[in-house]
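There are 4 protein chains.
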Amino acid sequence: MSTAPSPVPARRRADAQRNRDRIIATAHLAFIRHGIGVPMEEIARGAEVGVGTLYRHFADREALLRAVIAAGLERLMTVSRQETDHATDPWGALCRFVRRCVELRLGGTLSALRPRMAQAMKEIAELADARQRMLELLDPLVRGAQERGQMRTDVSTGDMIILIGMLVRHECELTEDKEWITRRHVEIVLDGLRPGGGELPGPTVTLTDFHHD
Amino acid sequence: MSTAPSPVPARRRADAQRNRDRIIATAHLAFIRHGIGVPMEEIARGAEVGVGTLYRHFADREALLRAVIAAGLERLMTVSRQETDHATDPWGALCRFVRRCVELRLGGTLSALRPRMAQAMKEIAELADARQRMLELLDPLVRGAQERGQMRTDVSTGDMIILIGMLVRHECELTEDKEWITRRHVEIVLDGLRPGGGELPGPTVTLTDFHHD
Amino acid sequence: MSTAPSPVPARRRADAQRNRDRIIATAHLAFIRHGIGVPMEEIARGAEVGVGTLYRHFADREALLRAVIAAGLERLMTVSRQETDHATDPWGALCRFVRRCVELRLGGTLSALRPRMAQAMKEIAELADARQRMLELLDPLVRGAQERGQMRTDVSTGDMIILIGMLVRHECELTEDKEWITRRHVEIVLDGLRPGGGELPGPTVTLTDFHHD
Amino acid sequence: MSTAPSPVPARRRADAQRNRDRIIATAHLAFIRHGIGVPMEEIARGAEVGVGTLYRHFADREALLRAVIAAGLERLMTVSRQETDHATDPWGALCRFVRRCVELRLGGTLSALRPRMAQAMKEIAELADARQRMLELLDPLVRGAQERGQMRTDVSTGDMIILIGMLVRHECELTEDKEWITRRHVEIVLDGLRPGGGELPGPTVTLTDFHHD
DNA sequence: GATGAATGAGGGTTCATTCAT
DNA sequence: CATGAATGAACCCTCATTCAT
Chain F
1 MSTAPSPVPA RRRADAQRNR DRIIATAHLA FIRHGIGVPM EEIARGAEVG VGTLYRHFAD
61 REALLRAVIA AGLERLMTVS RQETDHATDP WGALCRFVRR CVELRLGGTL SALRPRMAQA
121 MKEIAELADA RQRMLELLDP LVRGAQERGQ MRTDVSTGDM IILIGMLVRH ECELTEDKEW
181 ITRRHVEIVL DGLRPGGGEL PGPTVTLTDF HHD
Chain H
1 MSTAPSPVPA RRRADAQRNR DRIIATAHLA FIRHGIGVPM EEIARGAEVG VGTLYRHFAD
61 REALLRAVIA AGLERLMTVS RQETDHATDP WGALCRFVRR CVELRLGGTL SALRPRMAQA
121 MKEIAELADA RQRMLELLDP LVRGAQERGQ MRTDVSTGDM IILIGMLVRH ECELTEDKEW
181 ITRRHVEIVL DGLRPGGGEL PGPTVTLTDF HHD
Chain G
1 MSTAPSPVPA RRRADAQRNR DRIIATAHLA FIRHGIGVPM EEIARGAEVG VGTLYRHFAD
61 REALLRAVIA AGLERLMTVS RQETDHATDP WGALCRFVRR CVELRLGGTL SALRPRMAQA
121 MKEIAELADA RQRMLELLDP LVRGAQERGQ MRTDVSTGDM IILIGMLVRH ECELTEDKEW
181 ITRRHVEIVL DGLRPGGGEL PGPTVTLTDF HHD
Chain B
1 MSTAPSPVPA RRRADAQRNR DRIIATAHLA FIRHGIGVPM EEIARGAEVG VGTLYRHFAD
61 REALLRAVIA AGLERLMTVS RQETDHATDP WGALCRFVRR CVELRLGGTL SALRPRMAQA
121 MKEIAELADA RQRMLELLDP LVRGAQERGQ MRTDVSTGDM IILIGMLVRH ECELTEDKEW
181 ITRRHVEIVL DGLRPGGGEL PGPTVTLTDF HHD
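Residue numbers (the UniProt record's numbering), protein chains in the order written: chain F, 1 to 213; chain H, 1 to 213; chain G, 1 to 213; chain B, 1 to 213.
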């Protein structure tokens with residue numbers, strides 16, 4: 001009895017969880033590919049469930065969107081920690097982090113939010129939170145790299161976050177068979193962050209600058 | 001009635017042209033702000049005409065979109081020529097060109113096409129044309145700059161075009177009061193194109209690589 | 001397991017019966033409060049059972065509705081008999097019967113049927129039956145009261161039944177904290193049934209007049 | 001020019017107005033017959049317009065409902081004034097008013113609101129207004145009739161309004177071919193309002209008692 | 001028997017497009 | 001040419017009912 005802890009009651013639960021996960025994954029791709037306005041039925045069809053099931057799990061499109069974003073941010077944060085914890089080489093850690101970010105393909109969904117970004121930032125609290133958390137993770141790396149002369153000193157962590165957003169979206173503009181192009185351009189941007197560049201116009205970007213993207 | 005050649009038809013024409021222009025301008029902003037799915041009536045309202053008038057000028061949303069893009073590319077090409085004709089300093093001309101591009105705000109509309117980009121590229125012939133023309137304009141500058149050691153040699157004109165697209169869209173992600181951020185990031189990317197960067201992965205981008213974006 | 005006649009099945013039965021009763025009671029109130037279109041899940045939730053259980057007891061909404069009505073009519077008939085058996089004061093018995101009717105709150109459910117009343121009358125046989133039985137119960141009282149000069153003679157038992165329906169529904173239009181208003185109006189109607197009123201238009205109502213309602 | 005005031009621009013308007021009126025009339029009947037949940041398409045079909053047209057005139061079901069109610073109250077107020085202005089016989093005027101009310105068949109729509117009456121009263125300001133206006137119209141009649149000994153003094157104008165509501169709904173419970181029954185019962189209620197009835201329980205109804213029905 | 005997840009038809013609402021004025 | 005009312009297809013979301021556990 002203790003060895004076989006009744007899988008039966010869990011079974012249904014497992015099925016439901018599986019459905020939930022498939023819906024999120026399908027929605028993620030669908031939002032990227034067709035925009036956040038993609039018909040709910042198409043998402044349901046892609047996840048091989050009925051619309052009703054989709055709506056049982058997510059009250060409306062907004063809720064689904066939040067879940068997709070939350071799931072993406074979750075993965076992002078996992079990556080963040082993997083790359084940044086105990087980093088002895090701040091610049092190297094920063095580079096690895098940026099490269100990993102673009103691989104998550106979270107950008108598509110975020111980018112699809114653009115037409116309502118300002119509003120979305122307020123309503124989808126996870127987004128603002130994520131920025132804050134990312135800032136806290138990256139700040140030591142940026143400062144460390146700058147102190148060691150590995151990175152130009154006229155950019156802030158705020159600039160980094162915006163640039164990462166740019167690259168993340170950039171990848172999503174490209175179809176999957178052209179993703180290798182992004183990898184080139186990530187390196188170009190990283191090279192542009194090395195010391196020795198020309199003077200940059202305007203002040204550095206701070207957290208207060210991007211209450212919306 | 002038949003005797004008077006009458007200024008009226010000319011007048012009409014002027015009015016009509018004026019309407020047409022206002023519709024395109026309004027649609028451009030509306031597409032950027034609310035996505036290409038923005039209600040036609042909203043565009044009409046913004047241009048202060050009836051929907052009927054809008055449809056007299058543009059058969060459907062697709063046609064309006066084409067017109068908006070064509071108008072933007074027209075301006076882009078004008079800029080291109082201003083910056084590139086008789087350029088004695090290829091790298092400087094290239095930089096000025098890139099900076100001017102992001103100021104046109106064409107990116108918003110192009111970016112909004114993304115969910116259907118692959119398809120759009122085929123249907124909206126102007127886009128493919130524009131790429132080709134841009135390639136022809138930029139290629140001498142890129143080669144010139146590289147020959148003079150002003151630019152890294154492991155990037156192609158194809159990379160440049162993609163990067164410009166990235167920056168152009170990047171600006172459109174930011175609200176107008178944050179455009180100064182883009183200007184910083186344009187410079188960072190340009191710095192990253194200078195000689196001396198790390199090795200880039202993959203082959204250079206060629207025209208055949210981006211049959212869509 | 002097979003040897004024990006076991007109290008379990010009986011227990012089950014009791015539980016099931018309890019569920020059934022709670023569903024009917026909950027549904028009665030829900031129909032009154034939110035109309036007969038109230039979501040089945042809401043009824044199930046109110047009765048603290050799963051929808052599945054609800055459907056085990058009642059094949060569909062229609063069946064549940066019938067059961068609610070039948071239960072209400074059952075109580076109505078019980079009241080009828082209490083008030084009318086061995087009545088030596090027909091008018092008094094009639095008044096008490098009317099007053100008791102409005103307290104049963106059956107009207108809400110019946111009233112909610114209105115949009116389909118004509119149809120409901122045919123499909124829900126209990127309703128027609130009930131009228132017939134009520135007619136049989138009330139007829140002696142009406143005639144008795146009229147013979148004794150306690151009641152105007154230009155109304156029929158048919159009129160009475162329709163009037164009772166009116167009052168019963170009337171109460172259901174009022175929220176619970178306003179039920180005292182109905183009691184006033186019941187008395188006004190009863191006063192209007194006393195001898196000495198003005199002439200009434202049209203013929204008296206007969207059983208054949210209300211094959212629906 | 002002054003004689004033929006350009007019917008052309010008005011024409012469309014007239015058509016639209018005609019549609020609007022037909023929609024309201026159709027909706028009124030549909031609400032009575034099938035409840036306020038009746039499919040919008042059915043209303044549209046009945047009015048012989050497309051759903052789109054219906055929605056152009058009324059933003060949603062709620063708006064249509066308001067319009068139907070407003071139109072009904074408009075007629076009700078017209079009747080009110082006809083019956084009550086310059087009335088030298090208060091009781092007679094009161095009776096005529098009550099009789100006219102039930103003929104308007106407004107009750108059906110109002111009655112269909114019941115499941116949400118409390119809420120409806122707040123949201124549909126017209127309803128509360130109407131009560132107030134009706135109170136002001138009837139109060140002099142009630143007092144006048146009572147002073148002349150034509151009406152029992154233990155009922156208030158508030159009671160009258162509630163009773164009228166009861167009769168109005170009562171008629172709507174009956175199908176059209178049975179409306180004559182209501183006329184009988186209106187007279188019975190009016191007879192019950194004459195002096196000489198038994199004692200009524202509870203206090204008289206005041207305006208504050210029926211913030212909802 | 002009880003449960004509640006899944007299904008999908010149905011009805012509300014929006015909006016692209018047409019067309020009469 | 002301009003206008004804006006009318007149309008109806010398409011999409012969102014709800015909920016009655018079924019069924020696997």
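Glycine included, every Cβ here is placed at the ideal spot set by N, Cα and C.
Values in this document were obtained by computation on a predicted structure and should not be read as measured data.
First through last residue of the alpha helix (DSSP H) which encompasses residue i
i, result
"M77 (chain H)", "R61 to T84"
"A87 (chain B)", "Element bounds for A87 (chain B): n/a, residue is neither H nor E."
"D209 (chain H)", "No alpha helix (DSSP H) holds D209 (chain H); DSSP gives it neither H nor E."
"G107 (chain H)", "G107 to A112"
"T182 (chain G)", "E179 to G192"
"E147 (chain F)", "A125 to E147"
"L104 (chain F)", "Where L104 (chain F) is concerned, there is no enclosing alpha helix (DSSP H), given that its DSSP letter is neither H nor E."
"E173 (chain B)", "T157 to E173"
Residue i classed as buried or exposed, judged by whether at least 16 other C-beta atoms fall within 10 angstroms
i, result
"V8 (chain B)", "No answer about V8 (chain B) holds up, because its pLDDT of 43 lies below 50 and its placement is not dependable."
"R75 (chain H)", "exposed"
"T182 (chain F)", "buried"
"P195 (chain B)", "exposed"
"T26 (chain H)", "buried"
"E171 (chain G)", "buried"
"T153 (chain G)", "exposed"
"T109 (chain G)", "buried"
"W91 (chain H)", "buried"
"E199 (chain B)", "exposed"
"H86 (chain H)", "exposed"
"E48 (chain B)", "exposed"
"R148 (chain B)", "exposed"
Span separating the alpha-carbon of residue i from that of residue j
i, j, result
"V100 (chain H)", "D21 (chain B)", "Sequence inspection shows Arg at residue 100 (chain H); the Val mentioned does not correspond to that position. Distance between the alpha carbons of R100 (chain H) and D21 (chain B): 57 Å."
"I188 (chain B)", "G197 (chain B)", "13 Å"
"S156 (chain F)", "Q146 (chain F)", "10 Å"
"Q132 (chain G)", "K178 (chain B)", "19 Å"
"R81 (chain F)", "L137 (chain F)", "8 Å"
"V186 (chain H)", "L167 (chain H)", "7 Å"
"E126 (chain H)", "L64 (chain B)", "47 Å"
"R61 (chain F)", "V51 (chain F)", "12 Å"
"T78 (chain H)", "R184 (chain F)", "30 Å"
"E176 (chain G)", "I162 (chain B)", "15 Å"
"A112 (chain F)", "R33 (chain H)", "12 Å"
"A130 (chain G)", "Q17 (chain G)", "25 Å"
"L54 (chain B)", "I23 (chain B)", "7 Å"
"E42 (chain F)", "F31 (chain G)", "36 Å"
"Q150 (chain H)", "L190 (chain H)", "11 Å"
"S2 (chain H)", "H28 (chain B)", "With a pLDDT of 46 at S2 (chain H), under the threshold of 50, the modelled position of this residue cannot be trusted; read the value that follows with caution. C-alpha separation (whole angstroms): 55 Å."
"G107 (chain F)", "I69 (chain F)", "10 Å"
"W180 (chain G)", "V102 (chain G)", "11 Å"
"A14 (chain H)", "A67 (chain F)", "52 Å"
"R56 (chain B)", "R45 (chain B)", "15 Å"
"F58 (chain F)", "A71 (chain F)", "14 Å"
"V142 (chain G)", "P201 (chain G)", "20 Å"
Handout entry: Completely contained alpha helix (DSSP H) runs for the UniProt DNA-binding region "H-T-H motif" (39-58) of chain H, where each covers 4 or more residues
Key = 40-46 and 51-57
Handout entry: the segment 83-103 of chain B / the segment 30-38 of chain B touching (three or more Cβ pairs under 8 Å)
Key = no
Practice task
Inspect the CB distances between the segment 197-206 of chain F and the segment 157-174 of chain F and report whether three or more fall short of 8 Å.
Solution key: Taking 8 Å as the limit for Cβ pairs, the verdict is that the segment 157-174 of chain F does touch the segment 197-206 of chain F.
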